[in-house]
Amino acid sequence: WATKDVRFLFGSHDSLHCSVGACNGRCEAMLTGKSRLQRGLNFMSYLKHLFPGSQPVWYIYNGGHSAGIAYSSQTFKSWAFEDFEAVGGAGGEAGGEADEDQEQGGEADE
245 WATKDVRFLF GSHDSLHCSV GACNGRCEAM LTGKSRLQRG LNFMSYLKHL
295 FPGSQPVWYI YNGGHSAGIA YSSQTFKSWA FEDFEAVGGA GGEAGGEADE
345 DQEQGGEADE
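With my numbering applied, the sequence shown closes on residue 354, and no number is skipped along the way.
Written out as structure tokens, the structure is:
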């Protein structure tokens, strides 16, 4: 994993407790976090622990569990198009601006 270009998106409003049916609320799933957002952030911490010295790239967009909102975020567009073009040599620059509605994030400066 640490040598791959893997990026994660999480919704700031994807925080409804899983025991009310928002996601898997079984015991083994609840051990990883009470909501999808918490589970994702816990997974980021686990990756940093599992691969010392690595920094997972992640972003929290302003929205819930919605592919449309995630894919509409400026960060996703930058990751998918600008970074891809820079790596492929088709033009463009890597990076981009974070969404204005970003509440928090953990994107690495690599």
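Note that the Cβ used here is the ideal one computed from N, Cα and C, for glycine as well.
CA nearest to the CA of residue i, picked from the options
i             : options                           : result
tyrosine 303  : Phe295, Gly284 and Gly297         : Gly284
histidine 257 : Arg280, Glu272, Phe295 and Asp249 : Arg280
valine 301    : Gly308, Leu291 and Ser310         : Leu291
tyrosine 305  : Asp327, Ala246 and Phe320         : Phe320
Residue i - partner residues in DSSP beta bridges
i              : result
isoleucine 304 : Phe254
Outcome for residue i when other beta-carbon atoms lying within 10 angstroms are tallied against a minimum of 16
i              : result
leucine 294    : exposed
cysteine 271   : exposed
glycine 332    : At glycine 332, the pLDDT of 47 sits below 50, so the modelled position is not reliable; the number obtained from the coordinates is stated separately. Per the 10 Å Cβ criterion, exposed.
lysine 248     : exposed
tryptophan 245 : exposed
serine 322     : buried
First through last residue of the alpha helix (DSSP H) which encompasses residue i
i             : result
glycine 312   : 311-316
glutamine 282 : 280-294
alanine 273   : 271-274
Point to revise | At least three beta-carbon pairs within less than 8 Å, the stretch 252-268 to the stretch 313-330 | key: yes
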